[in-house]
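To convert, take the position in the sequence shown, counting from 1, and add 30; that gives my numbering. Beta carbons are placed, not taken as given, at the ideal position from N, Cα and C, and that holds for glycine.
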Amino acid sequence: MQFREKTFLITGASSGIGRACAARFAAEGARLILTSRRRDALEAAAAQAGGAAVIPADLTDANSAASLCERICADFPRLDGIVHSAGVGLYAPSYDSHPDKARRLLELNFLAPVEITRRLLPQIPDGGAVVTISSVAGKIPLPWLNLYSASKYALNAFSDGLRIELAERRIGVLNVCPCYVETPFQQNVLQGRVPANLAGDRMFKVTAEECAEAVVNGLRNGKRTIVVPRIGWLLVLAARLFPATVHGRMAQYKPRRVD
Ligand SMILES: NC(=O)c1ccc[n+]([C@@H]2O[C@H](COP(=O)([O-])OP(=O)(O)OC[C@H]3O[C@@H](n4cnc5c(N)ncnc54)[C@H](OP(=O)(O)O)[C@@H]3O)[C@@H](O)[C@H]2O)c1
31 MQFREKTFLI TGASSGIGRA CAARFAAEGA RLILTSRRRD ALEAAAAQAG GAAVIPADLT
91 DANSAASLCE RICADFPRLD GIVHSAGVGL YAPSYDSHPD KARRLLELNF LAPVEITRRL
151 LPQIPDGGAV VTISSVAGKI PLPWLNLYSA SKYALNAFSD GLRIELAERR IGVLNVCPCY
211 VETPFQQNVL QGRVPANLAG DRMFKVTAEE CAEAVVNGLR NGKRTIVVPR IGWLLVLAAR
271 LFPATVHGRM AQYKPRRVD
């Protein structure tokens, strides 16, 4: 896919991977619509990208998500792609996760991309693109954020199924599975803290800019799924071939409680 003169909606554009994608897509000549809850942070991201439309919305609020989509349909006759980057973590065992927070997690990480895609798909022409920023946690169950993992497994299934549903229209669906990306993600979680013994043990670390570069290359080369960095595929493969060993190693990491 080419980016010049194409219009993309990027969710979660005020921070981290979404913000880096905004800057990287703009450098390729794309036009951008940026959304998240915080207007000031979105305006800073828009300025960094050399100008973009900013529409704040809370994607866990059905009315707010609906007005975002209605505004896009009214103001932008054509939309070439969506990057679903808004997402949040929750560090707790499934049985200790607060039920309201678990619901918000699923609303943002899974239901919001489904609903926004449903509403905006009629705007996207044949040959367009949908990008889901998922996680390697959607390929390997990570017990210190089990429900987050579950939300990303659901997102992966949606993304893979959508690609098949849209194949006739040549709309590419790129599923991005980063390992660990240096962003404020760990400070923004709904509950708990990263396990102490994991915090200093980050094998496959990348910057948000490296992740955005991988997204651009993935779209340009018509990829289906990418793991970022690519060496993370080894972890995915190891978990498929030797689940007992890999899951046994994962069990040593326990999330820290924050009440
Ligand atoms: N960082 C990692 O290690 C990592 C690894 C794998 C996958 N990921 C995935 O990458 C994506 C981006 O995460 P990140 O690392 O860039 O984290 P981040 O810096 O915390 O960014 C999260 C983004 O989501 C937005 N957001 C949060 N709640 C929202 C809501 N209710 N409605 C609308 N927007 C909301 C935030 O903006 P506002 O606060 O302005 O609303 C922010 O722009 C997520 O889907 C995450 O699961 C991250």
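Asked: Once the 5 residues before and after ARG13 are set aside, which same chain residues still bring their CB inside 7 Å of it?; Found: In the structure as shown, the chain begins at 31 and stops at 289. Residue 13 is therefore absent and cannot be evaluated.
Asked: Would you call SER97 buried or exposed, if buried means 16 or more other Cβ atoms sit within 10 Å of its Cβ?; Found: exposed
Asked: List in chain order: all unbroken alpha helix (DSSP H) runs of 4+ residues lying wholly within the stretch 140-202.; Found: 142-150 and 176-195
Asked: Within 10 angstroms of its Cβ, does PHE215 collect 16 or more other Cβ (buried), or is it exposed?; Found: buried
Asked: So, do the stretch 32-41 and the stretch 94-114 have three or more beta carbon pairs nearer to each other than 8 Å?; Found: yes
Asked: Does the structure place the stretch 229-243 close enough to the stretch 189-197 that three or more beta carbon pairs sit under 8 Å?; Found: no
Asked: I'd like to confirm the pairing. Which residues does DSSP put opposite GLY111 in its beta bridges?; Found: PHE38 and ALA159
Asked: Are there any heavy atoms of ligand 1 lying less than 7 Å away from the beta-carbon of ARG67, as far as the coordinates show?; Found: yes
Asked: Give the C-beta separation of VAL166 and VAL266 to the nearest angstrom, bearing in mind that I take them to be a contact with Cβ-Cβ under 8 Å.; Found: 7 Å
Asked: Three or more C-beta pairs closer than 8 Å, one from the stretch 205-220 and one from the stretch 121-141: is that the case here?; Found: yes
Asked: Taking only the alpha-carbon atoms, compute the straight-line gap between GLU145 and LEU151 and give it to the nearest angstrom.; Found: 10 Å
Asked: Taking 7 Å as the line, does the beta carbon of LEU120 fall inside it for any heavy atom of ligand 1?; Found: no
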